[in-house]
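Heads up: the structure comes next, in structure tokens.
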Amino acid sequence: MAAAGPLRPFLARAVPLLLLGAVAAFPLVFTKPFPRHLMIMIFLYGALATAWNILAGYCGQISLGHAVFFGIGAYTSTLLIREAALSPWLGMLAGAAIAVVGSQLIGYPVFRLRGHYFAIATIAVGEIIQALVINWDWAGGARGLFVPIKRPDSFVNFQFHESKAVYYFIALGLLLLALGVTRWIEGSRRGYFFRAIREDQEAAASLGVHVAREKHWAIAVSAALTALGGTFYAQYVFFIDPESVFPLSLSILICLVAVLGGVGTLWGPLVGAAVLVPLSEGTRVWLGGGGKALDLLIYGALIVLIAVFQPGGLVGLAGRFRRT
Amino acid sequence: MEIVNFAHGEFLMLAMYVAFFAWLLARLDPVVSFPLAALVLAGLGWATYHGIIRWVLGGPMLAQIFATFGLAVFLRSAAQFLWGVDFRVVSAPLLGGRASLGGVFVGLPQLTASVAALGAFVALHLFLARSETGLALQATAQDRQAAALMGIDTERMFALGWAIGAGCVGVAGALLTMFFYVFPDVGAAFALLAYVTVALGGFGNVPATLLAGVIVGLVEALAGLLIAPALKYAVVFLLYLGVVLWRPQGLFGRF
Numbered sequence: 001m002a003a004a005g006p007l008r009p010f011l012a013r014a015v016p017l018l019l020l021g022a023v024a025a026f027p028l029v030f031t032k033p034f035p036r037h038l039m040i041m042i043f044l045y046g047a048l049a050t051a052w053n054i055l056a057g058y059c060g061q062i063s064l065g066h067a068v069f070f071g072i073g074a075y076t077s078t079l080l081i082r083e084a085a086l087s088p089w090l091g092m093l094a095g096a097a098i099a100v101v102g103s104q105l106i107g108y109p110v111f112r113l114r115g116h117y118f119a120i121a122t123i124a125v126g127e128i129i130q131a132l133v134i135n136w137d138w139a140g141g142a143r144g145l146f147v148p149i150k151r152p153d154s155f156v157n158f159q160f161h162e163s164k165a166v167y168y169f170i171a172l173g174l175l176l177l178a179l180g181v182t183r184w185i186e187g188s189r190r191g192y193f194f195r196a197i198r199e200d201q202e203a204a205a206s207l208g209v210h211v212a213r214e215k216h217w218a219i220a221v222s223a224a225l226t227a228l229g230g231t232f233y234a235q236y237v238f239f240i241d242p243e244s245v246f247p248l249s250l251s252i253l254i255c256l257v258a259v260l261g262g263v264g265t266l267w268g269p270l271v272g273a274a275v276l277v278p279l280s281e282g283t284r285v286w287l288g289g290g291g292k293a294l295d296l297l298i299y300g301a302l303i304v305l306i307a308v309f310q311p312g313g314l315v316g317l318a319g320r321f322r323r324t
Numbered sequence: 325m326e327i328v329n330f331a332h333g334e335f336l337m338l339a340m341y342v343a344f345f346a347w348l349l350a351r352l353d354p355v356v357s358f359p360l361a362a363l364v365l366a367g368l369g370w371a372t373y374h375g376i377i378r379w380v381l382g383g384p385m386l387a388q389i390f391a392t393f394g395l396a397v398f399l400r401s402a403a404q405f406l407w408g409v410d411f412r413v414v415s416a417p418l419l420g421g422r423a424s425l426g427g428v429f430v431g432l433p434q435l436t437a438s439v440a441a442l443g444a445f446v447a448l449h450l451f452l453a454r455s456e457t458g459l460a461l462q463a464t465a466q467d468r469q470a471a472a473l474m475g476i477d478t479e480r481m482f483a484l485g486w487a488i489g490a491g492c493v494g495v496a497g498a499l500l501t502m503f504f505y506v507f508p509d510v511g512a513a514f515a516l517l518a519y520v521t522v523a524l525g526g527f528g529n530v531p532a533t534l535l536a537g538v539i540v541g542l543v544e545a546l547a548g549l550l551i552a553p554a555l556k557y558a559v560v561f562l563l564y565l566g567v568v569l570w571r572p573q574g575l576f577g578r579f
């Protein structure tokens with residue numbers, strides 16, 4: 001690297017600040033909805049993948065059922081608005097709380113499994129929950145739920161129809177929260193326990209790490225952050241149904257973002273979102289349509305290539321260059 | 325073989341297309357064309373092993389999951405790209421109607437498929453338990469290094485395992501076309517049930533898988549009848565989670 005000596009720590013501090021400044025100024029420069037939407041999606045998927053990364057990347061439990069928590073967040077806040085006229089901000093907290101409780105119940109059976117078996121069990125959990133919600137008529141069933149529109153825009157109602165700028169900053173806030181929590185866990189005692197479990201569960205247990213308890217902590221934090229994203233999605237799109245917030249494809253997309261960027265690293269999930277979201281929006285705009293699925297064709301091939309050639313993700317790629 | 329093929333459902337879908345096109349282009353009924361589907365799929369399994377799996381086998385588990393998952397997305401959209409999203413059926417199959425089994429009526433295509441599936445189970449079990457190659461395959465699955473030290477070409481065994489696995493899917497897919505429609509997304513539901521069935525029985529155990537298959541089939545049918553048809557898969561998955569609570573290694577698994 002070019003930066004050497006005393007310049008290095010200065011750059012390490014200045015670059016994130018500059019980036020943050022640029023990100024904050026972005027909606028002032030780009031006033032069209034599409035670029036803002038693109039950034040919002042990057043923040044949202046970045047936040048979701050960062051949340052997933054806490055459980056999967058640090059604690060080593062590859063969950064393919066995170067859409068459950070996303071859906072819980074979306075449904076809790078929406079149902080509370082419709083049934084109790086509660087502000088989505090409170091609904092967001094309620095959604096996170098329910099997701100935490102749900103995660104503990106889910107964790108009880110699935111944490112007995114390892115590796116591929118754990119992944120399959122989390123898929124099964126996701127399918128069960130989705131099937132239950134589809135058949136739950138009070139919660140809209142397969143038809144889904146509309147978030148009642150309230151005008152004018154107000155912060156309490158979490159609805160902003162005039163401009164996407166507010167959504168932009170809320171999504172950015174979610175992302176920063178997820179990154180902050182990850183950063184905090186990374187340096188904490190608990191974060192070391194997580195990584196010990198990931199590397200070797202038996203060895204960690206033999207050294208006194210309470211494996212089951214730590215796994216439950218990891219899934220609780222991960223689920224709460226994912227649920228926040230779910231509420232945000234509901235308030236951004238104003239319509240949710242089991243197909244849009246509970247599908248297996250969402251669970252897989254979340255971890256794909258993290259895998260692409262680099263699992264078990266702080267910045268990996270965000271890097272993955274910054275690459276994959278524009279790519280998938282781009283291929284969909286240019287190649288999608290016509291029912292030919294050419295965009296998905298390329299997407300699938302890309303996943304295979306990454307898995308085979310760069311399993312460490314893009315962050316790992318940067319590390320490779322740095323070493324040489 | 326310590327690796328889950330998330331493209332299993334897409335393999336099934338391709339097998340169904342093979343049987344469908346054999347019927348469309350050459351008027352070959354699935355009853356006749358299933359060896360062809362098995363052969364094509366075995367080739368695909370072999371190619372998948374050499375093209376993809378071999379390279380991720382030593383890598384992190386996530387790479388393994390995503391390699392086969394990416395393949396699934398690729399195959400599914402390739403099918404959609406080439407053949408469209410239309411549902412296709414083999415109309416007027418050779419075997420139609422139904423047969424009476426002691427007062428219980430069973431569709432003849434379904435009956436044929438069951439018998440053929442049982443036949444495949446028996447053949448696979450005999451191959452794995454009796455033949456030298458089958459034993460070598462099991463040894464490789466149990467301990468790769470020890471098997472290699474015993475002079476087994478583990479590389480070939482892995483490729484063989486993939487070819488046999490995919491070949492069996494070929495048989496299943498071709499027979500399924502006798503009474504099920506073909507479309508690019510057809511594999512997803514079947515694949516998930518297949519994983520749960522295998523995990524329920526215990527990995528690497530053919531008779532246990534057969535028994536688990538019977539259990540899953542019965543639970544699915546009974547749940548559809550007694551609770552609600554829309555919830556039948558949820559009940560099957562719930563059963564799996566229940567079993568896992570009690571026996572994480574599956575009903576008959578050893579590890």
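Top to bottom, those sequences are chains A and B. So the first sequence is numbered by the numbering used here: it starts at 1 and just counts up by one. So the second sequence is numbered by the numbering used here: it starts at 325 and just counts up by one. Ideal Cβ placement from N, Cα and C applies to all residues, glycine included.
B:S357 has a beta carbon lying at 8 Å or more from every beta carbon in chain A.
DSSP places B:L425 in the uninterrupted beta strand (DSSP E) bounded by R422 to L425. Per DSSP, B:V430 lies in no alpha helix (DSSP H) segment; the continuous beta strand (DSSP E) that holds it begins and ends at V428 to G431. With the criterion set as a beta carbon lying under 8 Å from some beta carbon of chain B, the members of the region 117-146 of chain A are Y117, A119, I120, A121, I123, A124, V125, E127, I128, A131, L132, I134 and N135, in sequence order.
DSSP places A:H216 in the uninterrupted alpha helix (DSSP H) bounded by V211 to V237. Annotation: B:Y373 has no Cβ neighbours in chain A at a cutoff of 8 Å; minimum Cβ distance is about 13 Å.
Annotation for A:C59: no alpha helix (DSSP H) segment contains it, and DSSP assigns it neither H nor E.
The beta-carbon of A:P311 is placed less than 8 Å from the nearest beta-carbon of chain B.
Per DSSP, reduced to three states, the secondary structure at A:L145 is strand. DSSP places B:R412 within a strand segment (E or B) once states are collapsed to three.
Interface flag for B:W379 against chain A is set, since a Cβ pair is found closer than 8 Å. Counting only runs that start and end inside the region 493-545 of chain B, the alpha helix (DSSP H) elements of at least 4 residues fall at 511-525.
Within chain B, the residues S401 and F405 have their CB atoms less than 8 Å from the CB of A:L294, given in chain order. Ranked by Cα distance from A:F239, the options A:L260, A:W184 and A:G144 are led by A:G144. In its chain, beyond the 5 residues on either side, no residue has a beta carbon closer than 6 Å to the beta carbon of B:V538.
Taking a cut-off of 8 Å for Cβ pairs, the region 480-489 of chain B and the region 304-320 of chain A do not touch, as fewer than three such pairs fall below it.
For A:L172 and B:S357, the gap between their C-alpha atoms comes out near 56 Å. Residue A:L302 holds the alpha-carbon nearest to the alpha-carbon of A:T283 among A:V237, A:L270, A:I106 and A:L302. Taking 7 Å as the upper bound on Cβ-Cβ separation, chain B lies near no residue of the region 175-192 of chain A. Between the region 243-252 of chain A and the region 16-26 of chain A, the count of Cβ pairs shorter than 8 Å is below three; the stretches do not touch. Straight across, the Cα-Cα distance linking B:G333 with B:G489 is about 12 Å.
Where A:T182 is concerned, the enclosing alpha helix (DSSP H) starts and stops at A165 to G187. Looking at the DSSP output, A:Q159 bridges to A:S154. A direct Cα-to-Cα measurement between A:A99 and B:G497 gives close to 39 Å. B:L516 and B:F330 have their alpha carbons spaced roughly 9 Å apart. Going by C-alpha positions, B:L363 is about 21 Å away from B:F503. In the same chain as B:G548, and ignoring 5 residues on each side of it, the C-beta atoms closer than 6 Å to its own belong to K556, in chain order.
In terms of Cβ geometry, B:V380 and A:A307 form a close pair [threshold 8 Å]. Two segments are said to touch when three or more pairs of C-beta atoms, one from each, lie closer than 8 Å; by this definition the region 102-113 of chain A touches the region 202-218 of chain A.
Against chain B, the CB of A:A49 has no partner CB under 8 Å away; the residue lies outside that interface. Neighbourhood of B:P572 in chain A, by CB distance below 7 Å: R112 and L113, in chain order. Apart from the 5 residues on each side of it in sequence, B:Q388 sits with its Cβ closer than 6 Å to the Cβ of I327 and V380 in its chain, given in chain order. The beta-bridge partner set that DSSP reports for A:I240 consists of A:L145.
Annotation for B:A552: no alpha helix (DSSP H) segment contains it, and DSSP assigns it neither H nor E. C-alpha of B:F561 to C-alpha of B:A396: approximately 22 Å in a straight line.
Per DSSP, the continuous alpha helix (DSSP H) segment holding A:P33 begins and ends at P33 to N53.
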